[in-house]
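Student: One structure follows; several queries about it will come next.
Number of protein chains: 2
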Amino acid sequence: MEKLKKTGMKQTPQRLAIMHHLEGNKCHPSAEDIYKSISPKFPSMSFATVYNTLENLKDHGLIKELTIESGKKRFDPDTSDHHHLICVKCKKIVDLPQEIQLQQKALTTAGVIKGFRILSTQINIYGLCPECTKTSS
Amino acid sequence: MEKLKKTGMKQTPQRLAIMHHLEGNKCHPSAEDIYKSISPKFPSMSFATVYNTLENLKDHGLIKELTIESGKKRFDPDTSDHHHLICVKCKKIVDLPQEIQLQQKALTTAGVIKGFRILSTQINIYGLCPECTKTSS
């Protein structure tokens with residue numbers, strides 16, 4: 001749990017359980033999801049512990065806060081550049097590979113980004129996942 | 001101030017001032033920005049009034065909460081689909097036209113969105129604006 005050490009936070013069993021829940025997690029959980037999952041093991045743990053641990057990890061760049069529209073904050077332990085496919089109905093978030101590129105030519109041709117030094121792009125694709133498409137039709 | 005009527009909130013002078021501040025605003029202000037700007041006119045107005053008005057407008061789909069990484073919530077009165085150019089240093093946010101398209105072919109070829117019904121895409125381009133590029137070099 002190197003990440004926890006980097007934040008300067010004490011390695012309590014609760015915090016280690018939060019880290020364990022996040023490690024390799026592809027579900028993009030909210031603080032509430034993590035609290036629900038871990039609290040049965042630690043009945044005395046407060047929601048604030050989960051929330052503050054997540055905020056601290058985020059402030060140290062060790063997890064990412066997901067930037068999807070509205071609703072609860074979601075967290076991603078994968079801090080590499082990648083994009084997301086978001087189901088507006090069931091709120092499932094799926095990672096998309098970074099290879100997806102913008103038509104940069106269109107951008108530069110339009111002149112809108114002249115002089116702007118691009119560091120990264122983040123693409124959110126909103127829609128209905130296959131399961132929700134079926135139940136909506 | 002038709003928007004305010006739609007939320008069912010009373011048209012108080014404070015709320016009208018918040019709406020006036022947002023109308024056509026391209027600066028993507030935070031709740032704090034709006035409070036700072038309006039409170040000299042209404043010294044008794046609380047920050048909660050600004051915050052709750054914004055949340056209410058957002059819940060009614062009348063303004064958008066911006067989904068940029070980290071930091072304070074920012075708000076956009078332009079609810080149409082459009083993208084953003086975000087300076088990571090000065091936090092300036094500039095609207096980009098919706099014409100910017102993804103290379104959808106790359107997406108479908110990769111098979112990652114098979115069965116996913118795309119409703120909208122939202123692209124955030126992070127980097128340094130021309131002014132911050134100059135001061136950083």
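Top line first, the protein sequences correspond to chains S and E.
All the letters of the first sequence, read from the start, carry residue numbers 1 to 137 under the working numbering.
All the letters of the second sequence, read from the start, carry residue numbers 1 to 137 under the working numbering.
All C-beta atoms in this analysis are idealised placements derived from N, C-alpha and C, irrespective of residue type, glycine included.
Note that this is a predicted model, so its numbers are computed, not measured.
Figure out for me which residue from HIS82(S), GLY24(S), THR53(S), VAL94(S) has the closest Cα to the Cα of GLY8(S).
Tutor: For this step, residue 8(S) is matched to residue 8 along the first sequence. For the residues HIS82(S), GLY24(S), THR53(S), VAL94(S), the minimum Cα distance to GLY8(S) belongs to THR53(S).
Student: Output the boundary residues of the beta strand (DSSP E) element that contains PHE47(E).
Tutor: By 1-based counting over the second sequence, the position of residue 47(E) is 47. No beta strand (DSSP E) holds PHE47(E); the alpha helix (DSSP H) holding it covers 47–59.
Student: Please compile the residues from chain E whose C-beta is within a distance smaller than 9 Å of the C-beta of THR133(S).
Tutor: The residue labelled residue 133(S) in the question sits at position 133 within the first sequence. Simply GLY115, PHE116, ARG117.
Student: What does DSSP give as the partner residues of HIS84(S) in its beta bridges?
Tutor: The residue given as residue 84(S) occupies position 84 in the first sequence. Looking at the DSSP assignment, HIS84(S) forms a beta bridge with ASP95(S), ASN124(S).
Student: Look up SER30(S) in the DSSP assignment and give the residues it is bridged to.
Tutor: Working through the first sequence from its first residue, we reach residue 30(S) at position 30. Answer is ARG74(S).
Student: Step through the CB atoms of chain S and report whether any lies within less than 8 Å of the CB of TYR126(E).
Tutor: Here residue 126(E) refers to the residue found at position 126 of the second sequence. It does; some Cβ of chain S falls within 8 Å.
Student: Is ALA110(E) helix, strand or coil by DSSP?
Tutor: One-based indexing of the second sequence puts residue 110(E) at position 110. Note that ALA110(E) has pLDDT 49, beneath the 50 cutoff, so the model's placement of it is unreliable and no number is given.
Student: Apart from the five residues on each side of it in sequence, which residues of its chain come closer than 6 Å, Cβ to Cβ, to GLU2(E)?
Tutor: Stepping through the second sequence from its first residue, residue 2(E) is reached at position 2. Contacts found: none.
Student: Would you call the stretch 120–132 of chain E and the stretch 115–135 of chain S in contact, with 3 or more CB pairs under 8 Å?
Tutor: yes
Student: For PHE47(E), count neighbouring Cβ atoms within 10 angstroms of its own Cβ and tell me buried if that reaches 16, exposed if not.
Tutor: For the purposes of this step, residue 47(E) is taken as residue 47 along the second sequence, with counting starting at 1. Result: exposed.
Student: Using a C-beta cutoff of 8 Å, does THR121(E) count as contacting chain S?
Tutor: Taking the first residue of the second sequence as 1, we reach residue 121(E) at position 121. For THR121(E), the nearest CB of chain S lies under 8 Å from its own CB, placing it at the interface with that chain.
Student: Evaluate contact between the stretch 79–92 of chain S and the stretch 82–98 of chain E, counting only Cβ atoms and requiring at least three cross-stretch pairs below 8 Å.
Tutor: no
Student: In the DSSP assignment, find the unbroken alpha helix (DSSP H) run with GLU131(S) in it and report its ends.
Tutor: Residue numbering aside, residue 131(S) sits at position 131 when the first sequence is read from its first letter. Note, GLU131(S): alpha helix (DSSP H), 130–136.
Student: Can you tell me whether DSSP reads ILE18(S) as helix, strand or coil?
Tutor: Numbered from 1 along the first sequence, position 18 holds the residue referred to as residue 18(S). Helix.
Student: Taking GLU65(E) as part of the beta strand (DSSP E), name the residues at either end of that continuous run.
Tutor: Here residue 65(E) corresponds to residue number 65 of the second sequence, with the count starting at 1. Unbroken beta strand (DSSP E) run through GLU65(E): 64–66.
Student: With the cut-off set at 8 Å, would you say ILE86(S) and ILE123(E) are in Cβ contact?
Tutor: On the first sequence, position 86 is the one that residue 86(S) refers to. On the second sequence, position 123 is the one that residue 123(E) refers to. A distance of 8 Å or more separates the beta carbons of ILE86(S) and ILE123(E).
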